[in-house]
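Going down the list, the sequences are from chains Y and D. To convert, note that position 81 of the first sequence is 81 in the numbering used here; the numbers rise steadily by one, no gaps. To convert, note that position 135 of the second sequence is 1135 in the numbering used here; the numbers rise steadily by one, no gaps. Using N, Cα and C, we set each Cβ at its ideal position, and we do this for glycine too. Note that the structure is predicted; figures quoted are calculated from it, not measured.
There are 2 protein chains.
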Amino acid sequence: MRVTIIGSGNVATHFSAALKNAGHRIMQVYSPNFQNASLLAYHVGAEATSDLQDITPETDIFIISVKDDAIAEMAEALAKYQKLIVHTSGATSLDAVRAFTDYAGVLYPLQTFSKSKEVDFFTVPLCVEGADESITARLKELAATISNNVYSVTSADRKILHLAAVFACNFPNYLYGVAQQLLAAHNMKFDMLKPLILETAQKVQQQYPANVQTGPAVRNDQLTMNAHLQLLNHQPQLQEIYYLLSQGIIKNNNEGHGDK
Amino acid sequence: MRVTIIGSGNVATHFSAALKNAGHRIMQVYSPNFQNASLLAYHVGAEATSDLQDITPETDIFIISVKDDAIAEMAEALAKYQKLIVHTSGATSLDAVRAFTDYAGVLYPLQTFSKSKEVDFFTVPLCVEGADESITARLKELAATISNNVYSVTSADRKILHLAAVFACNFPNYLYGVAQQLLAAHNMKFDMLKPLILETAQKVQQQYPANVQTGPAVRNDQLTMNAHLQLLNHQPQLQEIYYLLSQGIIKNNNEGHGDK
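Following this line, the structure appears as structure tokens:
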């Protein structure tokens, strides 16, 4: 397919690389910042533009990968070309595009992207939604050329999925940072925790999280929890986080979500 | 070395398997529950006992891997044999053993163990502390036969490390479970989140967590955060967790802990 990329952020970058690798042609990359557009366009052999007027209709699909609150205005500007327009946002309804064209869809990659780290896109779950069945089918076909995990997900379910991703990715990453800072304050290296972090993520690839929960809270070990809260005496926000998450683990355990 | 294992839980199980694989001889496994003692003893070719009186001094080291509040009484019972006695607890001071013998130490494996999942013990950070330098040296030597990551860690630092491990492992695992339950409530599969969970843990193997933080909070995207809080309307505890962790991310970002 001929693809036009609107945006130059992390998602736009990984998406366009995956599409190019799969043999699709990236026609243009648009970003209001010409330098960003050029950098990405260079990598995927496309033309760069920072001027909306320079976007051509010589394409089969516009992939809008910009900040959520800018999706609608981009869709509005592109609707006149009567080509397929999709956005890539987890938190945004299909309607943000469909308000301007029936030829609307969503391609939401459920992954955390950093420009500095390569990702095997074939492992990335791609959530597809189309304004009608034929669009959904076409998007599924396109998605299958770059991912082995393609799902049909409605706008309502995608919002849940996006919320769940915050709990499964953004919050754990923040907690890794808390741990790293606790060690740094005592001249210990973050390296010490890396095998533990990896093993914790690997465990839940095979088992439900509640079944492999470990630590003082799931044992209801009040002595250790109190000692930990004591250690956090000068960091009331961390104390509150420690308390709340421990209560959550205890509650899960009492409700029998896990085996132990 | 000749090793006697006191305990039959997850840590005792993985520890004794690693020691046996490294060529050490497991002499006895003690557990108040004879069935548990037998099961583990069978796996590592040792004798099982559930009677403290049956523990023999025919050993070089007693490794006490029991609940934190039972460590001292075990050390007290074993001190008369005048052999090296170590515990494996992150949250417990060396003094729990040293109160009864000068021949005291700690071997704390910084990993999350489940009986149902194998772990490559050579990747497990082993934190060593001895009551004197010669004991520390001897424990380091022993530790190096089963792990490539041996650290000298004082009791005070080990407490911080244990606290950090709760933030880096137990709490992220709880949050994986929250995500899984959110999806289950909408008939979506936890499988969808697995690549994201793994990638999040893999990222911080190379970079500091604050530098790879993604999601609505680090972008200070109030619209999405409010929408997420709305979705959690009937789960006030989760709302509070969402709010607190998001505030933590925003605070980190404002203090310049990350690059973006």
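Query raised in the report: In angstroms, rounded to a whole number, what distance separates the CA positions of Ser1031 of chain D and Glu1129 of chain D?
Result: 25 Å
Query raised in the report: Would Gln1222 of chain D be called buried (16 or more neighbouring beta carbons within 10 Å of its own) or exposed?
Result: exposed
Query raised in the report: Any idea which residues DSSP pairs Tyr1030 of chain D with across the strands?
Result: D:Ile1006, D:Thr1049
Query raised in the report: Alpha carbon to alpha carbon, how far is Phe167 of chain Y from Arg158 of chain Y?
Result: 14 Å
Query raised in the report: Are Ile1071 of chain D and Val1029 of chain D close, meaning C-beta to C-beta below 8 Å?
Result: no
Report task. Compute the distance between the beta-carbons of Leu245 of chain Y and Ile1241 of chain D, then report whether it is under 8 Å. Result -> yes
Query raised in the report: Can you find a C-beta in chain D that's less than 8 Å from the C-beta of Leu19 of chain Y?
Result: no
Report task. Starting from Val1150 of chain D, follow the beta strand (DSSP E) in both directions and report where the run begins and ends. Result -> 1149-1152
**Report entry** Gln1082 of chain D at chain Y interface by Cβ criterion, 8 Å
**Finding:** no
Query raised in the report: What are the boundary residues of the beta strand (DSSP E) that Val178 of chain Y is part of?
Result: Here Val178 of chain Y belongs to no beta strand (DSSP E); instead the alpha helix (DSSP H) covers 171-184.
Requested in this report: Report yes or no: do the region 1072-1089 of chain D and the region 179-188 of chain Y share at least 3 C-beta pairs separated by less than 8 Å?
Outcome: no
Query raised in the report: From the DSSP output, which residues share a beta bridge with Glu129 of chain Y?
Result: Y:Val106
**Report entry** Supposed close pair Phe50 of chain Y, Phe15 of chain Y - CB separation, criterion 8 Å
**Finding:** Reading off the sequence, residue 50 of chain Y comes out as Ser, not Phe. Actually they do not touch by this definition, with Cβ atoms about 19 Å apart.
**Report entry** Asp259 of chain Y versus Gln202 of chain Y: straight-line alpha-carbon distance, rounded
**Finding:** In this predicted model, Asp259 of chain Y has a pLDDT of only 49, less than 50, meaning its place in the structure is not dependable enough to derive any value.
Requested in this report: Compare the beta carbon distance of Ser1147 of chain D and Leu1126 of chain D with 8 Å and say whether it is the shorter of the two.
Outcome: yes
Query raised in the report: Mind checking if Gln1205 of chain D is an interface residue toward chain Y, Cβ cutoff 8 Å exclusive?
Result: yes
**Report entry** C-alpha distance - Ala1137 of chain D paired with Val1011 of chain D, whole-angstrom precision
**Finding:** 22 Å
Query raised in the report: Just the Cα atoms here: how many angstroms apart are His43 of chain Y and Ala1164 of chain D?
Result: 40 Å
Query raised in the report: For Pro1236 of chain D, does the count of other Cβ atoms within 10 angstroms reach 16, so buried, or fall short, so exposed?
Result: exposed
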